[in-house]
Amino acid sequence: MRFKFTDYHVHTRPWSVDVAKDGPTFEDYIKVAEKHQINICFLDHYELHYVENDKTNPFHNGRVNDYLEEIDIYKETYDFILSGLEIEYYEDKEIHLIEFMDDYRREFDFIGGSIHEWIIGYPITTKKGVTKLLEKIPMKKIIDDYFGIMIKMINSQIFRNVCHIDTVFRYINNNEFVPKEDCDVSDNRILDLGRLCIKNKIKVELNLSGLRFPINRTFPSMDVMKKLRKEGIEFFVGSDSHSLDYFKEKIPKVIEAYKLLT
Ligand SMILES: [Zn+2]
Ligand SMILES: [Zn+2]
Numbered sequence: 080m081r082f083k084f085t086d087y088h089v090h091t092r093p094w095s096v097d098v099a100k101d102g103p104t105f106e107d108y109i110k111v112a113e114k115h116q117i118n119i120c121f122l123d124h125y126e127l128h129y130v131e132n133d134k135t136n137p138f139h140n141g142r143v144n145d146y147l148e149e150i151d152i153y154k155e156t157y158d159f160i161l162s163g164l165e166i167e168y169y170e171d172k173e174i175h176l177i178e179f180m181d182d183y184r185r186e187f188d189f190i191g192g193s194i195h196e197w198i199i200g201y202p203i204t205t206k207k208g209v210t211k212l213l214e215k216i217p218m219k220k221i222i223d224d225y226f227g228i229m230i231k232m233i234n235s236q237i238f239r240n241v242c243h244i245d246t247v248f249r250y251i252n253n254n255e256f257v258p259k260e261d262c263d264v265s266d267n268r269i270l271d272l273g274r275l276c277i278k279n280k281i282k283v284e285l286n287l288s289g290l291r292f293p294i295n296r297t298f299p300s301m302d303v304m305k306k307l308r309k310e311g312i313e314f315f316v317g318s319d320s321h322s323l324d325y326f327k328e329k330i331p332k333v334i335e336a337y338k339l340l341t
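Residue numbers (the working numbering): 80 to 341.
See below:
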């Protein structure tokens, strides 16, 4: 890698379905990253459920190989880009995930595991998804289920890296859907997830995406990050960019985050 710092989490068009139709391509990021001297890792969403069942999914029908080939072509010219995937964890697809990792772990520079949606059609990372889920399930159960599945994902050791460890609070927080009294939203349970990652030798993301939502903090918070650092956790930093403006704006923050981590 040519530069000192790396943004491990950028989403591209057309590979991530939540990037706008006129959103940034590999090339768009590359130009900006080179100018601002930062390494980037393309970390597009790979969600087995949609990859398999949705013909319009960019990775449907084995197109992950096209993704890799495309990045490889850029790698011939640019020595500051990494190939990666943000893979969705599903409790009931562990065997399938392990098979995929066996086949592709070596093909990629970096793979992170994430949880956005454990009931298909109800993602906790969109406002619409949380709204719908809250009509179906009590808030306490949503939070508890999230942490329960996170524990399963970490203990499965399928992934060596975990993204946005407490993203269930993207919309469930005092600035948006205010946590009910019976909800455990304490830092302790986030710290415990971090400790479980330490035990399993898993790296955790310091994800800057919360800065564009009402929660206005990183995932996990700086406070939790500092405590976990003292306990020996390893972090990587990701802007979780879905647009070029956000990416550009977050470059100084990514660099600042690395300085805080060391
Ligand atoms: Zn994510
Ligand atoms: Zn992401």
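All C-beta atoms in this analysis are idealised placements derived from N, C-alpha and C, irrespective of residue type, glycine included.
Alpha helix (DSSP H) containing residue i: first to last residue?
{"i": "I160", "result": "Careful: I160 lies outside any alpha helix (DSSP H), inside the beta strand (DSSP E) at 160 to 167."}
{"i": "V316", "result": "Counting along the chain, V316 falls outside any alpha helix (DSSP H), though it belongs to the beta strand (DSSP E) covering 314 to 317."}
{"i": "Y201", "result": "Run containing Y201: none; DSSP gives neither H nor E here."}
{"i": "Y250", "result": "Here Y250 belongs to no alpha helix (DSSP H), and DSSP marks it neither H nor E."}
{"i": "K134", "result": "Segment: none, K134 is in no alpha helix (DSSP H) and carries neither H nor E."}
{"i": "G227", "result": "218 to 235"}
{"i": "A99", "result": "From DSSP, A99 is part of no alpha helix (DSSP H); its letter is neither H nor E."}
{"i": "D324", "result": "323 to 340"}
The beta strand (DSSP E) that contains residue i, what's its start and end?
{"i": "C262", "result": "Where C262 is concerned, there is no enclosing beta strand (DSSP E), given that its DSSP letter is neither H nor E."}
{"i": "N286", "result": "282 to 286"}
{"i": "L122", "result": "118 to 125"}
{"i": "I152", "result": "Here I152 belongs to no beta strand (DSSP E); instead the alpha helix (DSSP H) covers 143 to 156."}
{"i": "I190", "result": "189 to 193"}
{"i": "Y87", "result": "85 to 89"}
Who are the near neighbours of residue i in its chain, counting only those whose CB is closer than 6 Å to its CB and skipping five residues on each side?
{"i": "Y169", "result": "none"}
{"i": "K329", "result": "L287, S318"}
{"i": "D266", "result": "V303"}
{"i": "D107", "result": "L323"}
{"i": "S95", "result": "D123, H124"}
Just to confirm before moving on: does the CB-CB distance between residue i and residue j stay below 9 Å?
{"i": "E131", "j": "H139", "result": "yes"}
{"i": "I150", "j": "I160", "result": "yes"}
{"i": "R249", "j": "F298", "result": "yes"}
{"i": "L147", "j": "E186", "result": "yes"}
{"i": "L339", "j": "V111", "result": "no"}
{"i": "Y337", "j": "V303", "result": "no"}
{"i": "D223", "j": "W197", "result": "no"}
{"i": "G191", "j": "G163", "result": "yes"}
{"i": "C120", "j": "F189", "result": "yes"}
{"i": "E113", "j": "Y153", "result": "no"}
{"i": "M229", "j": "I194", "result": "yes"}
{"i": "N252", "j": "I294", "result": "yes"}
{"i": "P137", "j": "F326", "result": "no"}
{"i": "F226", "j": "L272", "result": "yes"}
{"i": "K219", "j": "C262", "result": "yes"}
{"i": "V209", "j": "P202", "result": "yes"}
Does ligand 4 have a heavy atom nearer than 8 Å to the CB of residue i?
{"i": "S322", "result": "In the structure on display, ligand 4 does not appear, and the ligands it does have are ligand 1 and ligand 2."}
Skipping 5 residues on each side, what residues in its chain have a beta carbon closer than 8 Å to that of residue i?
{"i": "Q236", "result": "N279, I281"}
{"i": "E60", "result": "As displayed, the chain neither begins before 80 nor continues past 341, which places residue 60 out of reach and without an answer."}
{"i": "E260", "result": "none"}
{"i": "D101", "result": "R92"}
{"i": "V98", "result": "H90, T91, R92, H321, S322"}
Hey, is residue i close to ligand 2, as in C-beta under 8 Å from one of its heavy atoms?
{"i": "E165", "result": "yes"}
{"i": "H175", "result": "no"}
{"i": "S162", "result": "no"}
{"i": "H90", "result": "yes"}
{"i": "S288", "result": "yes"}
Please determine whether the Cβ atom of residue i lies at a distance below 8 Å from any heavy atom of ligand 1.
{"i": "S193", "result": "yes"}
{"i": "H124", "result": "yes"}
{"i": "D319", "result": "yes"}
{"i": "H128", "result": "no"}
{"i": "T205", "result": "no"}
{"i": "T246", "result": "yes"}
{"i": "C242", "result": "yes"}
So, for residue i: in the same chain, excluding its five sequence neighbours on each side, which residues have a beta-carbon less than 7 Å away from its beta-carbon?
{"i": "K172", "result": "L127"}
{"i": "K206", "result": "Y250"}
Review point. Just checking, does the stretch 87 to 95 make contact with the stretch 316 to 333 on the three C-beta pairs under 8 Å criterion?
Key: Counting Cβ pairs under 8 Å, three or more are found: they touch.
Point to revise | Contact the stretch 251 to 264 vs the stretch 275 to 287: 3+ CB pairs below 8 Å | key: No contact exists between the stretch 251 to 264 and the stretch 275 to 287.
Check your understanding: Touching or not, the stretch 298 to 310 and the stretch 231 to 246, by the rule of three or more beta carbon pairs under 8 Å?
Key -> By the Cβ rule, the stretch 298 to 310 counts as touching the stretch 231 to 246, because three or more pairs are nearer than 8 Å.
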